Amino acid sequence: KGDILDNYLRTDGAWILTRNKQFYQTNNEKECAEKCEAERNFNCRAFLFTRKVLQCLTLAENTKMAVTFTSADAVLYEKKIYLLQCKKGIGMDYRGTEAKTQKGIPCQKWAERTPHNPNYTPEKHPNAGLDENYCRNPDEDENGPWCYTTDPATRFDYCNIPECEGQVMYTGEGPTVECVQCNGEDYHGEVSRTQSGLECQLWDAQEPHMHGFTPKHFPEKDLKMNYCRNPDGDVRPWCFTTSPTKRWEYCDIPSCTTPPPASALGSQCLSGKGEDYRGRIAITELGNVCQHWNTQFPHRHGWIPDRYPCKGLEENYCRNPDGEKRPWCYTINSSVRWEYCAIPSCDETEQGIADVPAQVPLSEECYQGKGQNYRGTTSITVSGKKCQAWNSMFPHRHEKTPDRFPNADLRENYCRNPDGDNSPWCFTTDPSVIWEYCNLKKCDDYTHEHAPNYRPARTAQNVVLATPLTSDCINGNGKDYRGTVARTGRGRICQEWNSQKPHSHKYFTPVTHPRAGLDKNYCRNPDGDINGVWCFTTDPEKKWEYCEIPRCSSSEHDCGKVSMRSERPCAQYS
Amino acid sequence: MCDASPGSWPWHVSLRKSTNVHHCAGTLIHPQWVLTAAQCLQESTEPSSYRVFLGIQNLNSAEPSLQIQSVQKVLKEPNGADIALLKLNSPVTITDHVKPVCLPETNRMVERNAVCFLTAWGKTRGTDIDNRLKDVEFPVLENRICNRPEFLNGSVKLNEFCGGFTFGSIDNCEAEVGGPLVCQDKDRFVQYGVTSWGLDCTQPSKPVFVRIPSFVSWIKNAMLLH
Chain R
17 KGDILDNYLR TDGAWILTRN KQFYQTNNEK ECAEKCEAER NFNCRAFLFT RKVLQCLTLA
77 ENTKMAVTFT SADAVLYEKK IYLLQCKKGI GMDYRGTEAK TQKGIPCQKW AERTPHNPNY
137 TPEKHPNAGL DENYCRNPDE DENGPWCYTT DPATRFDYCN IPECEGQVMY TGEGPTVECV
197 QCNGEDYHGE VSRTQSGLEC QLWDAQEPHM HGFTPKHFPE KDLKMNYCRN PDGDVRPWCF
257 TTSPTKRWEY CDIPSCTTPP PASALGSQCL SGKGEDYRGR IAITELGNVC QHWNTQFPHR
317 HGWIPDRYPC KGLEENYCRN PDGEKRPWCY TINSSVRWEY CAIPSCDETE QGIADVPAQV
377 PLSEECYQGK GQNYRGTTSI TVSGKKCQAW NSMFPHRHEK TPDRFPNADL RENYCRNPDG
437 DNSPWCFTTD PSVIWEYCNL KKCDDYTHEH APNYRPARTA QNVVLATPLT SDCINGNGKD
497 YRGTVARTGR GRICQEWNSQ KPHSHKYFTP VTHPRAGLDK NYCRNPDGDI NGVWCFTTDP
557 EKKWEYCEIP RCSSSEHDCG KVSMRSERPC AQYS
Chain H
69 MCDASPGSWP WHVSLRKSTN VHHCAGTLIH PQWVLTAAQC LQESTEPSSY RVFLGIQNLN
129 SAEPSLQIQS VQKVLKEPNG ADIALLKLNS PVTITDHVKP VCLPETNRMV ERNAVCFLTA
189 WGKTRGTDID NRLKDVEFPV LENRICNRPE FLNGSVKLNE FCGGFTFGSI DNCEAEVGGP
249 LVCQDKDRFV QYGVTSWGLD CTQPSKPVFV RIPSFVSWIK NAMLLH
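Protein chains in written order, with our numbering: chain R, 17 to 590; chain H, 69 to 294.
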């Protein structure tokens, strides 16, 4: 058996105005929950607990039935079964408010005796939730829930209660379970209703609520359909709702009671942004001692350890629970709210990356050969598009998955070359562009400091805008294109121009068109095709196809461009 | 906030009243149009009451790049949003120091992890204005965060959004009314917000911005009609 509180949905800082309530004095929330379970005066659907005066109020109503408002010191717990408007199994636990049959006939109240004299009444079955005229299943009917109808000719009929959608999450390789670990950031299930039963808005839609959590921009967050997700590290999955008056709401997906997997134990040194750092450094880089996460003094804050069980908010150790640049903490210095911590880097232990020959530099910005050993973290294409994560099938379905190419290091959305293409590439997050080569140079070229057209990516201190390499974009129909893209818009690899296999094409060869730039297997436009550059493909069943090369930016729309930006020694945040 | 590099925010303009004293910020969105907050025009909707100073880094210096424009028309958003358009008497000369910012697509809000900047000549807590244009990288927050009880407690409307940090505070409040929140989109900057309210220096700074994607249609139609 789990914690009694697992049956409740917790909302901090909320209060509801109810008529039927009972006051108790309890020491904690659990005791208050026990009062609710044992409540005899009414059907307890929720309870409020105030932390300062330890007051417990059991309530007959919940947020679906009463007005809510904020109250900083209160915690509201609502029984989950009363919030669900769907049924699990045969609906024995269904406590929703559907009150008509599948044919649309209003239900008779369970406590009334006309038009039908019921066998099942609230008195005889006090635990069956026979409130009002709501559909219920007090007799374990396989087709339940049902109700007596108000039609004298029809004694009872079944109700059309939707099944609760699969409340499951993926737990890596293992079996699926009906719960979410931690705050549900890894939840990939298909629940698409909020805790109060509202339908979720499609993540890809901007109506009725405009927002920035678009699948295009967050390919790694799996923002599919209108499924509940937690893309921003909130306490649990949520969604924008289809109700114009309710922008968003949490979804009611049960939490697992088992601890997170051992892999989440974390690191004792700094890698990446240090989100997995679980070491014991508790002093900031400027020497301030860290405030304990479970205290609110001297600084009030929302990173309460209980609410974020998987963020490692122990003691006063430096942590990065919110995707900051590196671990940080609130400080005990009342005039310094928070500061970053100086955590030793894991670099020393990370250098032996598998499959990378010793002579290959671990460079972020360049690749050697065809870049099959490139292991950097660049994830931007030549035209500035963001890469799609390799393990994501959105916006593009593909077969270049980490399990099929285990040695290709298909991590995150980093540029890679798993298939022996000419250079690292990736699928893009732009639904209209399947894939593109990445904004990377060959290491040998990169050693020339003034390599033409190359500008470094943005760094923390130096805002420099990445611009496409002009040779990798087309003007007009692309007749002058001399870039190195060698893959068609549908992802097929191009055939070399001087090869006759698999497709024979005597006319378009480097000899017949010496000025058309028919080098290797690069996309070209030797015949002035008005639709752009193309190539013969290596697919025996597809002789030729157009390539998708981004257009070079036009100077007509020069808005928003700045010609000057410099490094600034000033700290970013005062 | 840091002093901005000269010319790094060439759309940021100074709106002044007839006294030539800096009154509000605004942005150049077209060679002949400036976007600002409607509250900056409360005292008068008479175009001749205002002048626009463009291409300056320092409010009180006569920099070579300075261009001054009179206002031909004042158009406030008809439904009461805190946003307004000023039509300049004539198109400005586009230079490296005077250049329009891009507008976003209609109803398309900035992606959540975009790099955005707040620029302002505003006051720093406890000090007088120091006259130099400043900037700070500033995250856009989702309204559900802004509207939490500990932040702006439900007062941010659908056509607004707030920015700032969910922990810590910025010990200044440089945001100033009418000024922009711009976000980087590849090699351009796009304006997503007009600074509106929430600038109380005694509180952790959570400026609230008018959500421009909601008003792009109005802006474009107004420019077309006028």
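Glycine included, each C-beta is placed from N, C-alpha and C at the ideal position.
None of the values given here were measured: they were computed from a predicted structure.
CB contact below 8 Å: residue i versus chain R
| i | result |
| --- | --- |
| P78(H) | yes |
| M291(H) | no |
| P168(H) | yes |
| S282(H) | yes |
| P217(H) | yes |
| N128(H) | no |
| S210(H) | Sequence inspection shows Glu at residue 210(H); the Ser mentioned does not correspond to that position. With 8 Å as the cut-off, E210(H) counts as an interface residue toward chain R. |
| N175(H) | yes |
| E179(H) | yes |
Cβ of residue i within 8 Å of any chain H Cβ
| i | result |
| --- | --- |
| C575(R) | yes |
| A31(R) | Here the sequence assigns Trp to residue 31(R), which means Ala is not the residue at that position. No, W31(R) does not count as interfacial toward chain H. |
| T311(R) | no |
| W219(R) | no |
| H204(R) | no |
| G228(R) | yes |
| R209(R) | no |
| R263(R) | yes |
| V91(R) | no |
| Q222(R) | yes |
| V578(R) | yes |
| H233(R) | yes |
Alpha-carbon spacing of residue i relative to residue j, whole angstroms
| i | j | result |
| --- | --- | --- |
| E564(R) | G494(R) | 11 Å |
| N59(R) | A76(R) | 6 Å |
| D268(R) | K254(H) | 38 Å |
| V376(R) | K386(R) | Bear in mind that a pLDDT of 30 at V376(R), under 50, signals an unreliable position, so the number given afterwards is only what the model happens to contain. In a straight line, the C-alpha of V376(R) is about 12 Å away from that of K386(R). |
| K237(R) | M409(R) | 11 Å |
| P373(R) | I151(H) | Unreliable placement is indicated for P373(R), whose pLDDT of 31 sits below 50; the coordinate value is still reported in the next sentence. Their Cα atoms are separated by approximately 58 Å. |
| H98(H) | C92(H) | 18 Å |
| C403(R) | S395(R) | 5 Å |
| V193(R) | P422(R) | Caution applies to V193(R), whose pLDDT of 36 falls short of 50 and renders its modelled position unreliable; the model cannot decide the point. |
| E131(H) | G75(H) | 11 Å |
| P217(H) | A424(R) | 47 Å |
| A49(R) | T311(R) | 25 Å |
| P526(R) | N389(R) | 31 Å |
| R200(H) | W77(H) | 12 Å |
| P253(R) | N215(H) | 18 Å |
| Q516(R) | W560(R) | 13 Å |
| H466(R) | Q137(H) | In this prediction, H466(R) scores a pLDDT of 28, lower than 50, which makes its location untrustworthy; no coordinate-derived value is stated. |
Assigned exposure category for residue i - 16 Cβ within 10 Å defines buried
| i | result |
| --- | --- |
| T130(R) | exposed |
| D419(R) | exposed |
| C551(R) | buried |
| S158(H) | exposed |
| Q511(R) | buried |
| T79(R) | buried |
| N289(H) | exposed |
| A105(H) | buried |
| S448(R) | exposed |
| A127(R) | exposed |
Short-range partners of chain H found in the region 427-444 of chain R, where Cβ spacing is below 8 Å:
So the list is empty, because no residue satisfies the distance condition.
Got a sec: which bits of the region 399-422 of chain R sit with their beta carbon under 7 Å from any beta carbon on chain H, in order along the chain?
The region 399-422 of chain R vs chain H, Cβ under 7 Å: G400.
Measuring CB atoms only, is the region 248-265 of chain R touching the region 430-443 of chain R, in the sense that at least three cross pairs come out at less than 8 Å?
Segments in contact, no.
Report the residues of the region 250-262 of chain H with a CB closer than 9 Å to any CB of chain R, ordered along the chain.
For the region 250-262 of chain H, residues whose beta-carbon sits nearer than 9 Å to a beta-carbon of chain R comprise V250, Q252, D253, K254, D255, R256, F257, V258, Q259.
Do the region 172-180 of chain R and the region 109-129 of chain R touch if we need at least three Cβ pairs shorter than 8 Å?
Yes: the two stretches touch, three or more of their Cβ pairs being nearer than 8 Å.
Inter-stretch contact (C-beta, 8 Å, three-pair minimum) for the region 303-316 of chain R and the region 328-338 of chain R:
Three or more pairs of CB atoms, one per stretch, sit closer than 8 Å, so the region 303-316 of chain R contacts the region 328-338 of chain R.
Using a Cβ distance threshold of 8 Å, determine whether the region 31-38 of chain R contacts the region 49-67 of chain R, with at least three qualifying pairs required.
Contact between the region 31-38 of chain R and the region 49-67 of chain R is present: three or more C-beta pairs spanning the two stretches fall below 8 Å.
Taking beta-carbon pairs under 9 Å, can you tell me which members of the region 239-253 of chain R lie near chain H?
Cβ contacts with chain H come from P247, D248, D250.
Does the structure place the region 164-173 of chain R close enough to the region 132-141 of chain R that three or more beta carbon pairs sit under 8 Å?
Yes, they touch.
Touch test, the region 197-212 of chain R against the region 138-158 of chain R, Cβ-Cβ under 8 Å, three pairs minimum:
These segments do not touch.
Give, in chain order, every residue of the region 129-153 of chain R whose Cβ lies closer than 8 Å to some Cβ of chain H.
Shown here is that no member of the region 129-153 of chain R has a Cβ falling below 8 Å from a Cβ of chain H.
The region 256-263 of chain H touching the region 159-175 of chain H, judged by at least three CB pairs closer than 8 Å:
Flag = yes, the region 256-263 of chain H and the region 159-175 of chain H touch.
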